[in-house]
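To start, the structure itself, in structure tokens.
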Amino acid sequence: MLTILFDGIAYGMLLFIIAVGLAITLGLMNFINLAHGAFAMAGGYITVVLMNRYGVSFYLCLPIAFLAMAVVGVVLERTLYRRLYSASHLDQVLFSVGLVFMSVAAVQYFMGGQQQLIHLPPELSGRTEIFGIGVGRYRLFITIVCAVLVVALQLALTKTRFGSQLRAAVDDGRVARGLGINVSTVFALTFAAGSGLAGLGGAMGAEILGLDPNFPLKFMVYFLIVVTVGGTSTITGPFLAALLLGIADVAGKYYVPEIGAFVIYAVMVIMLVLRPHGLFAREGGR
Amino acid sequence: MSAVLQTRNLMKRFGGFVATNDVSLSVEQGARHALIGPNGAGKTTLINLLTGALKPTSGRVILQGEDITDLPPHQRVRRGLARTFQVNQLFPEFTPLEAVVLAINEREQLGASAWKPLVRYPQVVDEAAALLERFGLSDVMGERTSRLPYGKQRLLEMALAFAAKPRVLLLDEPAAGVPEEERHEVLAIVRALPSDVTVVLIEHDMDLVFSFADRISVLVSGALFTEGTVAEIAADPRVKAIYLGEDA
Amino acid sequence: MTVIGETTAAVSSTGPEHVAATQLRRRNAWRAYEIVLWLVAIALIFMLPSKALLLTEIAILALFAVSLDLVLGYAGIVSLGHGAFFGLGAYVAGLFAMHFFPEPVTGLLVAGLVSGLLGFVTSFLVLRGSDLTRLMTTLGIALMLAELANQMAWLTGGADGLSGFTVGPILGLFEFDLWGRTGYIYSLVVLFLATWAARRIVNSPFGLSLKAVQGNRVRAAMVGVPAKSRIVVIYTIAAVYAGFAGALLTQTTSFVSPDVLAFHRSADVLLVLVLGGVGYLYGGIIGAIIFTLLRDWFSVITPQYWMFWIGLVLVIIVMVGRENITRWHTFLPAPIQRALARAANWRPGPKIGGGQ
Chain D
1 MLTILFDGIA YGMLLFIIAV GLAITLGLMN FINLAHGAFA MAGGYITVVL
51 MNRYGVSFYL CLPIAFLAMA VVGVVLERTL YRRLYSASHL DQVLFSVGLV
101 FMSVAAVQYF MGGQQQLIHL PPELSGRTEI FGIGVGRYRL FITIVCAVLV
151 VALQLALTKT RFGSQLRAAV DDGRVARGLG INVSTVFALT FAAGSGLAGL
201 GGAMGAEILG LDPNFPLKFM VYFLIVVTVG GTSTITGPFL AALLLGIADV
251 AGKYYVPEIG AFVIYAVMVI MLVLRPHGLF AREGGR
Chain U
287 MSAVLQTRNL MKRFGGFVAT NDVSLSVEQG ARHALIGPNG AGKTTLINLL
337 TGALKPTSGR VILQGEDITD LPPHQRVRRG LARTFQVNQL FPEFTPLEAV
387 VLAINEREQL GASAWKPLVR YPQVVDEAAA LLERFGLSDV MGERTSRLPY
437 GKQRLLEMAL AFAAKPRVLL LDEPAAGVPE EERHEVLAIV RALPSDVTVV
487 LIEHDMDLVF SFADRISVLV SGALFTEGTV AEIAADPRVK AIYLGEDA
Chain S
535 MTVIGETTAA VSSTGPEHVA ATQLRRRNAW RAYEIVLWLV AIALIFMLPS
585 KALLLTEIAI LALFAVSLDL VLGYAGIVSL GHGAFFGLGA YVAGLFAMHF
635 FPEPVTGLLV AGLVSGLLGF VTSFLVLRGS DLTRLMTTLG IALMLAELAN
685 QMAWLTGGAD GLSGFTVGPI LGLFEFDLWG RTGYIYSLVV LFLATWAARR
735 IVNSPFGLSL KAVQGNRVRA AMVGVPAKSR IVVIYTIAAV YAGFAGALLT
785 QTTSFVSPDV LAFHRSADVL LVLVLGGVGY LYGGIIGAII FTLLRDWFSV
835 ITPQYWMFWI GLVLVIIVMV GRENITRWHT FLPAPIQRAL ARAANWRPGP
885 KIGGGQ
């Protein structure tokens, strides 16, 4: 029981790390980016290739995945995404679905359709007893890394100058521009960070979420749930939403495997109807 | 004469800001009632409360003796309360003909009919044509609205409101932004509105107000400052002070 | 509807009510391209009998895309889950043939009815919220349905799909043949009737009010349009259409694959509609033709990686701009444009109004 809870937390943390970039894209630029999962998938495949073909250490792969996806993110943002900020939501959806399809087919072409496996370092495999609860070491590792990242993100957002500029821009882009904040640069950097985090999450999640070419499609809804349920006005909203989703999904698949996913979608739809601005949104917020 | 449109102690707060402060207004049947006031006096908020675009914090809106405070905008329209917008709110892709046909259809409760084409409702077509002619739009009825000159767009605004056969027509700065050479046409049509339709005019242009209205209410800071006939308001030194204070 | 180079008829001898009537009549007059399209579709029965299966596929996809156009182009709802109604229709048609009655027209109507019911119920969920929440809601409903179909294997055959039913002759008269000729004629008739009905609907007062809600929702309310109830109606009609399309697929293939509820159906049909142009009904049909031919062509080159090309097409369309794609003719030399304009405005019967 507690093991499941813990697995759910680790799972939720991963979802959050991957989806947090999406929350910013949506909150800052009102851009519906359905291709966010493709960044996570790419991060995962980078790790798989580096580890399995070139024998690079797992610990080194994680920052590489982050940096690689951050660079890819900033390049795509500057070349393609930025042109669509003022486009209609339909155009954004079409564009990002197109990217998803391309990434799925490209990965299929280069890597094949099978599930990818990575061999975790020995110290991360197996289980450990903590306070009498059996806890997977790798999940513990993920939880710790993600928790550190969440704290770091929260601090970066609240304590740094960049963070306050970002929050101002999310709150009201026009006012922020009026205050002399370079929203376009703020956003490019944030997009890079968001893509990098997705890549990192994908790299760490390869073992838990599974990694195959359909990854961006399979998890698209999950990332969107995190963002829509959590709202885009805070970082704690998506974080709580991700934890809830993670626990619910793990528990659902364990206890009621027949209807697990169904319940998640049903709850999502009900939630969206009752609280279209997110579960944790301020009243009257966006 | 009886009141056709009334508000009772109408209040609207946005956070701590009181946009409409305890306004009790009474508009007589057939009146030409002008609402004036300096910028930020809450004229547009008041209009939005009357038409249902905003919900009041407290107070009631009464149309022909019926409390319409809780009705959505489209049902207020059906009960005879129509408005024009200060900034054009039109259907850019429609032709004036389509727009007017739409408005008449909705008034006649035909909007849910989903089978016969528009042309098969001859009374609607005839009325639309007559309406377009009255508002000086016959020669452009087939143009796209977005391509019309601004003055024509203002006229279409009024034609659309008028198509609802309103008992009360709220005109929000009908001549605002219209270039000088098109202005006389707009004003002539405002003056020629039939006398059984009650008109509430929100206007900045004092010449237009004094030549058109028979009764004037002055709003200041969201509250009703004073009310009277044109002569009374024109002679009121306090009103002059408010306007001079603002214009200077 | 985009009409190339239409000019206002200058009629001096008649009053404004005649001008008005003429212009309104012109709105829903049959255009040359429509007539040509249907005639070609009929001619293909005889000219390309070997391609009947492909043509059937186009007709079904076209109907599905026309249905999405009602949702996107007329109700203004960006849906990522329109496949739900298609898939439901497909399963209902299969189950109906298996357990109740094999006659296809009855099955078609039942499938449309059931899909329409789901459309009606779920339409209330898409009335509120932003584009994003609507997109998630529609997607969520489609995923729920897919999950349901997958889990209820006792009813749906689960991952293996639903098979082992036979579809009887249409109206008890026309047997489906191996070459798909009957299937194509059947699908074409359904597509034509559905498009004809949709044409009437969008050209009616109701259709005008839908366009008004899309053009300016605030103003539409101020002329008395109850936007919500109108959207419920059109969403329901669209669901019926999608159900028809799904049923046609089942009946012409005698098989229901769980793939009918897959996400890519909803995404593909969006692409189809966007290829042909949103908001004038024929976009779905033209898009279905382009899409199916493109897929056929790409599949020859790289059968497995067809998805990549769809994706690329989507990205390019958005980058070039959808309006530029549907207005391709404005890049043609002026004489050709004028000829096209004449062709598009041409219609049978006596000339109405002035014309050029």
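Chains as they are written, first to last, in this note's numbering: chain D, 1 to 286; chain U, 287 to 534; chain S, 535 to 890.
Glycine included, C-beta positions come from ideal geometry on N, C-alpha and C.
Rank the options by C-alpha distance to the C-alpha of residue i and give the top, closest one.
| i | options | result |
| --- | --- | --- |
| G311 of chain U | U:E419, U:I519, U:E513 and U:D458 | Checking the displayed sequence, the identity of residue 311 of chain U turns out to be Leu instead of Gly. Checked all of U:E419, U:I519, U:E513 and U:D458; the closest Cα to L311 of chain U is U:E513. |
| N391 of chain U | U:W401, U:F380, U:P378 and U:Y407 | U:Y407 |
| M220 of chain D | D:A40, D:F66 and D:L28 | D:A40 |
| L240 of chain D | D:V75, D:Y255, D:V226 and D:Q154 | D:V226 |
| A445 of chain U | U:E467, U:L404, U:P480 and U:V405 | U:P480 |
| P792 of chain S | S:R856, S:V626, S:A575 and S:R560 | S:V626 |
| L22 of chain D | D:V145, D:L209 and D:P238 | D:P238 |
| A106 of chain D | S:G607, S:F832, S:W840 and S:G646 | S:W840 |
| F825 of chain S | S:W564, S:P760 and S:L589 | S:L589 |
Could you please give the first and the last residue of the uninterrupted alpha helix (DSSP H) stretch that includes residue i?
| i | result |
| --- | --- |
| Q557 of chain S | P550 to R561 |
| Q154 of chain D | R137 to K159 |
| L629 of chain S | G617 to H633 |
| V747 of chain S | P739 to G749 |
Cutting at 8 Å between CB atoms, please list the residues of its own chain near residue i, excluding the five before and the five after it.
| i | result |
| --- | --- |
| I819 of chain S | L571, A596, A599, V600, L725, T729 and G810 |
| E283 of chain D | The predicted position of E283 of chain D is uncertain, since its pLDDT is 43 and thus under 50; a value taken from the coordinates is nonetheless stated next. For E283 of chain D, where only same-chain residues beyond five positions count, there are no Cβ hits under 8 Å. |
| Q375 of chain U | E443 |
| A70 of chain D | A192, A193, S195, G196 and G199 |
Closer than 7 Å by C-beta to residue i: which residues in its own chain qualify, once you throw out the five before and the five after it? Chain order, please.
| i | result |
| --- | --- |
| F511 of chain U | V504 and L505 |
| G883 of chain S | Confidence is the limiting factor: at G883 of chain S the pLDDT is only 41, short of 50, which leaves the residue's position unreliable and the question unanswerable from this model. |
| R369 of chain U | I333, T337, A447, L456 and D458 |
| P276 of chain D | none |
| N684 of chain S | G692, A693 and P792 |
| L149 of chain D | I17 |
In the DSSP assignment, find the beta strand (DSSP E) that holds residue i and state where it starts and stops.
| i | result |
| --- | --- |
| A320 of chain U | R318 to I322 |
| G345 of chain U | S344 to L349 |
| A509 of chain U | A509 to T515 |
| N295 of chain U | A289 to F300 |
| D308 of chain U | F303 to V309 |
Is the separation between the beta-carbon of residue i and that of residue j shorter than 8 Å?
| i | j | result |
| --- | --- | --- |
| E77 of chain D | F223 of chain D | no |
| E681 of chain S | A261 of chain D | yes |
| Q114 of chain D | D7 of chain D | no |
| I354 of chain U | R362 of chain U | yes |
| F580 of chain S | A779 of chain S | no |
| L50 of chain D | I133 of chain D | no |
| A527 of chain U | R318 of chain U | no |
| V250 of chain D | Y11 of chain D | yes |
| V472 of chain U | R440 of chain U | yes |
| A781 of chain S | G641 of chain S | yes |
| G231 of chain D | L14 of chain D | no |
| F496 of chain U | V464 of chain U | no |
| G201 of chain D | I46 of chain D | no |
| V411 of chain U | A554 of chain S | yes |
| G674 of chain S | M111 of chain D | no |
| T143 of chain D | R137 of chain D | no |
Might you give, ordered along the chain, the residues of its own chain that have their beta carbon closer than 6 Å to the beta carbon of residue i, omitting 5 neighbours on each side?
| i | result |
| --- | --- |
| R524 of chain U | none |
| P378 of chain U | T431 and S432 |
| G73 of chain D | F191, A192 and S195 |
| Y720 of chain S | I704 |
| L696 of chain S | G628, T690 and V790 |
Query raised in the report: Going along the chain, which residues of the stretch 609 to 640 of chain S sit with their C-beta nearer than 9 Å to a C-beta in chain D?
Result: Contacts with chain D (Cβ-Cβ distance below 9 Å) from the stretch 609 to 640 of chain S involve V612 and L614, listed in chain order.
Query - chain S contacts from the stretch 206 to 229 of chain D (Cβ-Cβ distance under 7 Å) - result: Within the stretch 206 to 229 of chain D, L217, V221, L224 and T228 place their CB atoms closer than 7 Å to a CB of chain S, listed in sequence order.
Report task. Taking a Cβ distance cut-off of 9 Å, strictly less, list which residues of the stretch 71 to 94 of chain D are near chain S, in chain order. Result -> L80, R83, L84, A87, S88, H89, L90, D91, Q92, V93 and L94
Query raised in the report: If contact means a Cβ-Cβ distance below 9 Å, which residues of the stretch 781 to 804 of chain S contact chain D?
Result: F797, H798, A801 and L804
Query raised in the report: Of all the residues that make up the stretch 751 to 773 of chain S, which are near chain U by a beta-carbon distance shorter than 9 Å?
Result: V752, R753, A754, A755, M756, V757, G758, V759, P760, A761, S763, R764, V767, I768 and I771
Report task. Report the residues of the stretch 640 to 660 of chain S with a CB closer than 7 Å to any CB of chain D, ordered along the chain. Result -> L659
Requested in this report: Taking a Cβ distance cut-off of 8 Å, strictly less, list which residues of the stretch 247 to 258 of chain D are near chain S, in chain order.
Outcome: E258
Query raised in the report: When Cβ atoms are compared, which residues of the stretch 712 to 729 of chain S fall closer than 7 Å to chain U?
Result: none
Query - Selection of the stretch 839 to 861 of chain S by Cβ proximity to chain D, strictly under 9 Å - result: Y839, W840, M841, F842, W843, I844, G845, L846, V847, L848, V849, I850, I851, V852, M853, G855 and R856
Requested in this report: Closer than 8 Å, Cβ to Cβ, to anything on chain S: give me those residues from the stretch 390 to 405 of chain U, in chain order.
Outcome: So the close ones are N391, E392, R393, L396, G397, A398, S399, A400, W401, K402, P403, L404 and V405.
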